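**Q** Using mature numbering (1 follows the signal peptide of the UniProt record, and there is no 0), the letters of the sequence shown correspond one by one to residues -24 to -1, 1 to 719.
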Amino acid sequence: MRLCAYTAAIAAGGFLLLASSANAQAPEPPTPAPPAAGSTQLPPVVVDAPAQKKAAPKKKTAKAKQKSAAPVVSAAPTPTTTPPAPSQGLSGELLRASQQNTSGVTTFTAADVQRSGDTGVYDVIKSTPNLTPAAGGATLPAIRGEGAGPSDLGGTLLYGTSPQSVLIVDHVARVSSYANSSFQNLYDVSWVDVLKGPQPAVVGTNAFAGAFVVKTNDPEFKWYGESFSEITWNEFSGLNYRVAGVANAPLSSEAAMRLVIQYEEGDDPYDVLVKDAIPPAGKDLEELNDFRTLNLRGKFLVEPDSIPGLTVLATAEYQSGLDNAFNSFVDLPSKSTHRYRDRVALYSNDIRIFDTEAWVGGLTATYALSSREELKSVTSYLSDHFSSAPQSLGTKIDDVTETRFAQDLQYGFRGVSNMTGVVGVSVTQDDRYYGITVPIKLQQDFDIENQAVYADVAWNFAPRFDLLFGGRVDHRRDDRFTYVDALFAPPTTRLYSNEETYLLPKIGLQYHLDVDETIAATVRKGYNPGGAFANIYTGVYFEFQDETMWTYEVAYRNRLLQDQLSVGVTAFYNDYKDKQLFISKSVLDYTIINEPKARSYGLELEAKAAVTKDLDVTAGVGLLQTELIDVTAATLQIVKGDNFGLDPAVTPSLMLAWRPVEGVELTGKAMYVSSYYSYVNAPAYKAGDYTLLDIGASYTLGPIVARAFINNVTDEVAQATVYEAGATLLPPRTFGTSLKVGF
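So, in structure tokens, the structure goes:
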């Protein structure tokens, strides 16, 4: 922690020095030079063509100043000769462009989010090619067959595993906790990116399988307010509701703020029935599937005239609520005597309901050295806590708390010596405490430190050719204390300490066929750390090793027909070493093992077109194959040639948005997820093989937008996972209506 504080002090001192020197003598920035070919930014596959991006006014005033926000309707990126938006900054703009150009990424605009009728980040992105949707609860969507870890988010609690993908909101990597509810609600957002494969240059963390990146709207220099209300209904939950609002105000010609509030309450979509069990006195069955969430977010933006080029953005966010770890789980028909379609969860003695509370503070300071260079500091601290709620039964979690400090310093440059990119250093301190008392006593303390340097650079070394290079050097120290009083073994105490330095290179070549057409080939490496745990049933102590992956990708990007059509194709091959897998030796005996070699490969195609000025079409398909190619720890569950699990072979989707008359928009989305196993080739745990259809209609009259929608029109029983005791299901047919009023 001393190292983190020291780094923060250096960052603060450096920016004070820059600010003071700029205040004393603010030189005129040089005339922008034509960008290098390597800085050409191809768009993500997110074209919504009819509207045009508004130009920012030249003069900064409290009334007229505009923030260049991420496009809601047009996917054409900001030209490279235009100063970057305060919300992104040059380094963020360049890094995002690099990810969109040369690696697998799917982007959802604010319009996509509003059209979806979904409220959570993991629901909105479910049509992403080669993404396996999650049904909620203690898991994450799987990117190319990699999800929350070898097991699920319960593994972070019981086995000390690390999530293979990360959630990043406003430059802050969030905690993927077992309660899995903090900061997932999507309201007042600019865009959502799904990054696939190792990401060496994301802020504040290492990302092994990919990242879910959310950018919320920043303050603007104008007065604006908004209210939002939504009601949904399905036959199992009844009525659920969500209310939200935005207040944006210019405090002066140099400062602005934005406040957002959102509250959601309702029931999870299943019925609790009593069979062969007697509920304890005072336990109300009607409360067992309740949920509620309160989210508050405030942003404060300063662009002082006295220090040209300096932008400071402070962010604070708070969330609390009630969440059920099994909020999408239903029992096996053979056990409940009901079909999966009936969505019955039997009352049991282990219903895990959590009180959750989390808060985040972030400070991003950006200083433009010139129109082509900038320095950026990103500082954040977060605390995520959950514990068993009074209505929870069985397993009692007294306290699970994770805190994380992160400091990143970045230098972004564009067209400097024919090079464009980002170079950064990062320090993080992660402290975790887990405390469980029923039915076993488990106490775990984690102290994890990371120091890293990273880069993502394109060098235009010849006409039309860019050399892509960079990567990450990541030093990690992991100290753990574990005490477990197991069910069938005497108490045991274990200490674990591991320190490693990982070299994660990236190298590639990009060729510009035209100004809007490129093809790129890249190679990069990722890692997921190992760990240790004591089995809570047997008391046996295990250690598992880190897993590494080389990712080979070929990406083709093109914009056609005056940006009316955007096309992206990505082919990939992943080569694993020491892949982490979750296996079950018996009903009560689970463990994490490493298998020597594995691979996955596939293809992702995405296209988005403005067919006419009134019709937008988005189409995508993912093809995926996974395989264990060398197995040494063979069990009844794992043999050579097995698939990873959570890895559907085909994931096509099609989305339409049609505006037949002024103010009216009709939308439709269809997607299919082919069958897969819930984890390593276990035929009894086969899931997937479902089709989802969503439709909606909206009417806009000035600042008023009314919308009605039906999600899962055919009421498909979509099994996300299947286990020994039952299955997790995606939501049933749901009717909804919303009203947004701006003022």
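By construction, the Cβ of each residue, glycine as well, lies at the ideal position given by its N, Cα and C atoms. As the structure is a computational prediction, the values presented were derived from the model and not from experiment.
Leaving out the 5 sequence neighbours to the left and right, which residues in its chain are closer than 6 Å to A531 when beta-carbon positions are compared?
**A** Working through the sequence shown from its first residue, we reach residue 531 at position 555. Result list for A531: T78, A496, T546, in chain order.
**Q** Evaluate G678 with the Cβ neighbour count: other Cβ atoms within 10 Å of its Cβ, from every protein chain shown; 16 or more gives buried, anything less gives exposed.
**A** Residue 678 sits at position 702 when you count from the first residue of the sequence shown. Answer is exposed; the Cβ neighbour count stays below 16.
**Q** Quick check on DSSP: helix, strand or coil for K311?
**A** Residue mapping note: residue 311 aligns to position 335 of the sequence shown, counting from 1. Three-state result, K311: helix.
**Q** Work out the CA separation of K352 and F620 for me, nearest whole Å.
**A** Your numbering for residue 620 matches position 644 in the sequence shown. Your numbering for residue 352 matches position 376 in the sequence shown. Taking the straight line joining both Cα atoms gives about 39 Å.
**Q** So G80 packs on E580, CB below 8 Å; how close in whole Å?
**A** As a working mapping, residue 80 is identified with position 104 in the sequence shown. As a working mapping, residue 580 is identified with position 604 in the sequence shown. With 8 Å as the limit, G80 and E580 qualify as a contact, their Cβ atoms being about 6 Å apart.
**Q** If you reduce the DSSP assignment to three classes, tell me which class G447 lands in.
**A** Within the sequence shown, the letter at position 471 stands for residue 447. DSSP places G447 in strand when its eight states are reduced to three.
**Q** Apart from the five residues on each side of it in sequence, which residues of its chain come closer than 7 Å, Cβ to Cβ, to A31?
**A** Taking the sequence shown and counting its residues from 1, one reaches residue 31 at position 55. Residue confidence is low: A31 scores 37 on pLDDT, short of 50, so the model does not pin down where it sits. No coordinate-derived value is stated.
**Q** Decide yes or no for the touch test of the region 139 to 146 against the region 174 to 188: beta carbon pairs closer than 8 Å, at least 3 of them.
**A** Yes, they touch.
**Q** Return the Cβ separation of T291 and G338 in integer angstroms, given the expectation that the two are a contact with Cβ distance under 8 Å.
**A** On the sequence shown, residue 291 is found 315 positions in, with the first residue counted as 1. On the sequence shown, residue 338 is found 362 positions in, with the first residue counted as 1. Correct: roughly 4 Å between the Cβ atoms.
**Q** Can you tell me where the alpha helix (DSSP H) holding P133 begins and where it ends?
**A** Here the question's residue 133 lines up with position 157 in the sequence shown. Checking the sequence, you will find Leu at residue 133 rather than Pro. Element bounds for L133: 130 to 134.
**Q** Between L591 and the rest of its own chain, which residues show a CB-CB distance below 6 Å, the 5 nearest in sequence each way excluded?
**A** Counting from one through the sequence shown, the residue named residue 591 turns up at place 615. Taken in chain order, the residues that qualify are W634.
**Q** For the alpha helix (DSSP H) that D360 lies in, which residues bound it at each end?
**A** As a working mapping, residue 360 is identified with position 384 in the sequence shown. It is not in any alpha helix (DSSP H) - D360 instead sits in the beta strand (DSSP E) that spans 349 to 364.
**Q** In three-state DSSP terms, what is Y513?
**A** Position 537 of the sequence shown, counted from the first residue, corresponds to residue 513. Reduced to three states, the DSSP call for Y513 is coil.
**Q** Identify, in the order they occur along the chain, each residue of the same chain with its Cβ nearer than 7 Å to the Cβ of G221, setting aside the five sequence neighbours on each side.
**A** Within the sequence shown, residue 221 is the residue found at index 245, counting from 1. So the qualifying residues of the chain are E202, S203, F204, I237.
**Q** In three-state terms, what does DSSP make of E211?
**A** Looking up residue 211 in the sequence shown gives position 235. In the structure shown, E211 sits in coil (DSSP, three-state: anything other than H, G, I, E or B).
**Q** With distance defined between alpha-carbon atoms, name the residue in G484, N161, V376, G274 nearest to F441.
**A** Reading the sequence shown from its first residue, position 465 is the one you call residue 441. F441 has its Cα closest to that of G484, out of G484, N161, V376, G274.
**Q** Quick one, which of H451, D461, Y487, W435 has its alpha-carbon nearest G476's?
**A** Taking the first residue of the sequence shown as 1, we reach residue 476 at position 500. A small fix is needed here, since residue 476 is Glu in this sequence, not Gly. Here the closest residue by C-alpha is H451.
**Q** Once you ignore the five residues that flank G447 on each side, which residues in its own chain have a CB closer than 6 Å to its CB?
**A** Residue mapping note: residue 447 aligns to position 471 of the sequence shown, counting from 1. Closer than 6 Å at Cβ, skipping near neighbours: P176, L480, P481, K482.
**Q** How should V320 be labelled, buried or exposed, when 16 other C-beta atoms within 10 angstroms of its C-beta is the threshold for buried?
**A** Counted from its first residue, the sequence shown places residue 320 at position 344. The residue in question, V320, is buried, as its Cβ has 16 or more Cβ neighbours within 10 Å.
**Q** Counting along the chain, where does the alpha helix (DSSP H) carrying Y98 start and finish?
**A** As a working mapping, residue 98 is identified with position 122 in the sequence shown. Run containing Y98: 97 to 100, per the alpha helix (DSSP H) assignment.
**Q** So the candidates are V689, L632, D432; which of them puts its Cα closest to the Cα of R709?
**A** As a working note, residue 709 is residue 733 in the sequence shown. It is V689 whose Cα lies nearest to the Cα of R709.
**Q** Considering only residues of the region 128 to 207, which uninterrupted beta strand (DSSP E) runs meet the minimum length of 3 residues and lie entirely inside it, listed in chain order?
**A** List check, beta strand (DSSP E) in window: 141 to 145, 165 to 172, 186 to 192.
**Q** According to DSSP, is E262 part of a helix, a strand, or is it coil?
**A** In the sequence shown, residue 262 corresponds to position 286, counting from 1. Residue state, collapsed to three classes: helix.
**Q** Determine, using beta-carbon pairs with one atom in the region 426 to 438 and one in the region 465 to 475, whether at least three such pairs fall under 8 Å.
**A** Touching, no.
**Q** Which same chain residues, not among the five before or five after K645, have their C-beta less than 6 Å away from its C-beta?
**A** Residue numbering aside, residue 645 sits at position 669 when the sequence shown is read from its first letter. Only M631, D670 meet the Cβ criterion.
**Q** Please report the Cβ distance between W507 and T115, rounded to the nearest whole angstrom; I am assuming they are in contact, meaning their Cβ atoms lie under 8 Å.
**A** For this step, residue 507 is matched to residue 531 along the sequence shown. For this step, residue 115 is matched to residue 139 along the sequence shown. According to the sequence displayed, residue 507 carries Gly and not Trp. The Cβ separation is near 19 Å, so there is no contact.
**Q** Per DSSP, Y246 forms a beta bridge with which residues?
**A** Position 270 of the sequence shown holds residue 246. Paired residues: none, contrary to the question.
**Q** Enumerate in chain order the residues of its own chain whose CB-to-CB distance from A673 is below 6 Å, with the five nearest sequence positions on each side excluded.
**A** Here the question's residue 673 lines up with position 697 in the sequence shown. Answer for A673: L642, A684, listed in chain order.
**Q** Quick one: Cα of K29 to Cα of V399, how far?
**A** Numbered from its first residue, the sequence shown carries residue 29 at position 53. Numbered from its first residue, the sequence shown carries residue 399 at position 423. Confidence is the limiting factor: at K29 the pLDDT is only 35, short of 50, which leaves the residue's position unreliable, though a coordinate-based value still follows. So the two alpha carbons sit approximately 29 Å from each other.
**Q** Taking the straight line between their C-alpha atoms, what separation do you get for F437 and P636?
**A** For the purposes of this step, residue 437 is taken as residue 461 along the sequence shown, with counting starting at 1. For the purposes of this step, residue 636 is taken as residue 660 along the sequence shown, with counting starting at 1. Roughly 49 Å separates the two Cα atoms.
**Q** In chain order, what residues of the same chain have a beta carbon less than 8 Å from the beta carbon of D554, not counting five sequence neighbours either side?
**A** Numbered from 1 along the sequence shown, position 578 holds the residue referred to as residue 554. Within the same chain, D554 has close Cβ partners Q521, D522, E523, T524, N570, E571, P572.
**Q** Cα-Cα, which of T602, G113, Q695 is closest to residue 721?
**A** The requested residue 721 does not occur in the structure, where the chain is confined to residues -24 to 719.
**Q** Shorter than 6 Å, the distance from the beta carbon of S654 to the closest heavy atom of the ligand PLP, or not?
**A** Ligands in the displayed structure: none, and consequently the ligand PLP is not present.
**Q** Report the residue from V615, Y163, H488, S576 whose alpha carbon sits nearest the alpha carbon of R533.
**A** Taking the sequence shown and counting its residues from 1, one reaches residue 533 at position 557. Closest option to R533, Cα to Cα, is H488.
**Q** Restricting to Cα atoms, I'd like to know which of F464, N474, L444 is closest to R453.
**A** Against the sequence shown, residue 453 aligns to sequence position 477. Among F464, N474, L444, the Cα nearest to that of R453 belongs to N474.
**Q** Going by beta-carbon coordinates alone, are W209 and F711 separated by less than 7 Å?
**A** Start at 1 with the first residue of the sequence shown, and residue 209 comes out as number 233. Start at 1 with the first residue of the sequence shown, and residue 711 comes out as number 735. In this structure, F711 lies closer than 7 Å to W209 by Cβ.
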